Amino acid sequence: MSNRRRKAHREKDLTSRFLSGDWDEDRLAQSQRFSQRSKHAQHNKMLQTLELRAEEAVDLADLATLAVGQVQQVHSLYVEVIAPDGLYLCVVRKTLSKSTDYSLVVGDHVRIRPIEVRDEQGRPEAVIEQILPRQTLLTRADSFKQIEQHPIVANAQQMLIVAAIQSPAVRWGLIDRMLIAAEAGGLKPIICLNKIDLADPVDRESSQNVLDHYAGLGIRTLQTSIPARIGIDALREMLRDQTTVLAGHSGVGKSTLIRAIQPHLEIRIGDISHYTDKGRHTTTSARRYELDFGGVVIDTPGVKLFGLWGVTAENLDDFFPDVSRGDAPQWRQESHQRIAESLLG
Ligand SMILES: Nc1nc2c(ncn2[C@@H]2O[C@H](COP(=O)(O)OP(=O)(O)OP(=O)(O)O)[C@@H](O)[C@H]2O)c(=O)[nH]1
Ligand SMILES: [Mg+2]
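What the sequence shown shows, in the numbering used here, is residues 23 to 367, in sequence order.
Below, the structure written as structure tokens:
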């Protein structure tokens with residue numbers, strides 16, 4: 023009975039997706055997933071040796087002599103680590119993964135032990151022996167109910183919160199949530215309002231008023247447009263010599279901004295027609311990129327919701343100094359109210 027109901031529901035979904043023109047995108051996503059899966063199968067074989075090595079017990083007396091690298095990207099079966107002498111494909115020592123209560127995320131500093139195996143592209147492999155303490159941690163909860171913690175990026179110094187003035191329309195409530203997550207995780211926030219070429223002067227002025235309010239709270243803000251080349255140089259200066267994680271709704275232009283400041287990087291960028299308020303998630307996992315003028319950026323997949331971790335109805339006011347002081351504009355008071363209600367749940 024329940025199966026039949028589920029099936030009917032799915033068919034309806036497919037029809038509406040077909041009619042809305044999303045069908046090809048889904049097929050594309052499916053074929054991408056398929057090719058990813060066969061790539062995984064290849065890797066799986068190659069990583070078996072590495073897995074076996076990770077299961078061996080080793081004497082860790084030499085731990086301090088091992089090179090420290092930083093996690094560049096986390097895949098389902100292995101982790102890419104950038105070490106002083108280049109990129110390694112790694113797995114975590116079994117005894118370590120059993121003893122630590124957190125899984126690796128992009129930006130984690132790790133000690134690695136190279137082994138004499140290379141993958142089919144000649145990339146060296148290594149076992150991660152130690153995860154070093156995190157300086158900062160951007161985390162979100164899996165839902166507004168805050169049941170499970172989802173660490174996103176470790177050791178970033180700042181967070182570029184990207185929103186688009188149009189397509190998809192800016193949601194200041196999401197920005198407030200990300201501001202709280204940045205502060206709770208020890209990252210300095212910057213609000214970047216992108217796609218300002220798409221807005222009319224009235225929208226631009228009202229957005230500027232909102233940004234001015236954030237600036238009054240000591241938060242750096244900027245407006246950008248890639249086709250109109252507005253704010254790109256200012257953004258480059260803000261990112262120089264810093265480790266910055268970019269976060270925001272899907273389709274706001276996070277990957278495009280990275281490519282605008284560092285053109286040679288191979289970053290996938292979504293087609294604008296794919297973006298509705300639902301978002302399409304062109305970037306599917308967080309990844310670290312080095313900037314050749316100094317600094318590191320971490321691109322992340324778009325988020326629709328940003329569940330807060332470690333924030334309670336009791337300490338929420340700490341993140342809203344304007345509301346506490348009683349000089350917050352109406353929209354900030356409403357945002358505070360909505361978040362407070364969601365925390366009470
Ligand atoms: N008009 C206009 N379009 C832009 C601008 N910046 C980005 N876009 C377009 O917006 C679309 C989405 O850009 P992406 O960089 O893929 O967005 P994203 O935030 O990385 O999205 P996810 O990876 O899904 O989270 C692309 O078609 C870009 O060309 C801008 O300043 N103005
Ligand atoms: Mg992206």
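Yeah, the Cβ is synthetic: ideal placement off N, Cα and C, and Gly gets one too.
The structure displayed is predicted, hence computed values, not measured ones.
Straight through space, the alpha carbons of E259 and K120 are spaced by roughly 42 Å. Taken from the Cβ of K217, every heavy atom of ligand 2 lies 7 Å or farther away. Rounded to the nearest whole angstrom, the C-alpha separation of Q359 and L109 is 46 Å. Spanning the alpha carbons of S272 and R145 requires a straight line of approximately 32 Å. Taking 7 Å as the cut-off, the C-beta of S357 does not count as close to any heavy atom of ligand 2. The DSSP-derived three-state label of A250 is coil.
Remark: the C-beta of K276 is in contact range of ligand 1, defined as less than 7 Å to any heavy atom. Counting only residues of its own chain and dropping the five nearest sequence neighbours on each side, A282 has a CB closer than 7 Å to the CB of I248, I254. A check of alpha carbon separations from E151 across I137, L118, A176, Q171 identifies L118 as the nearest. Residue environment analysis places K276 among the buried positions, since at least 16 neighbouring C-beta atoms fall within 10 angstroms of its C-beta. By the C-beta density criterion, K217 is buried, having at least 16 other C-beta atoms within 10 angstroms.
T246 counts as buried, since at least 16 other C-beta atoms from the protein chains shown sit within 10 angstroms of its C-beta. According to the DSSP assignment, P146 belongs to the beta strand (DSSP E) that extends over 146-153.
For T266, the CB stays at least 7 Å from every heavy atom of ligand 2.
Residue pairing for T266: DSSP places it in a beta bridge opposite Q180, V319. Distance from the C-beta of S272 to the nearest heavy atom of ligand 1 is below 7 Å. Relative to the non-hydrogen atoms of ligand 2, the Cβ of T305 comes within a distance shorter than 7 Å of at least one. Following the DSSP letters along the chain, one finds R133 inside the beta strand (DSSP E) bounded by residues 131-140. In this structure, ligand 2 has a non-hydrogen atom nearer than 7 Å to the beta-carbon of D321. Not a single heavy atom of ligand 1 lies less than 7 Å from the C-beta of S121. Cβ-Cβ distances below 7 Å link D225 to I187 in the same chain, with the five nearest sequence neighbours on each side left out; the list follows chain order.
Taken atom to atom, the span from the alpha-carbon of P211 to that of L201 is near 6 Å. According to the DSSP assignment, Y236 belongs to the alpha helix (DSSP H) that extends over 223-238. The Cβ-Cβ distance between Q157 and V128 does not fall below 8 Å. DSSP places T161 outside any alpha helix (DSSP H); the residue lies instead in the beta strand (DSSP E), whose first and last residues are 159-163.
For ligand 1, no non-hydrogen atom lies closer than 7 Å to the CB of S229. In the structure shown, the three-state DSSP call for H172 is strand. Membership of L215 in the beta strand (DSSP E) is indicated by the continuous run 210-216. When distances are taken from the beta-carbon of P285 to the heavy atoms of ligand 1, even the shortest one reaches 7 Å or more.
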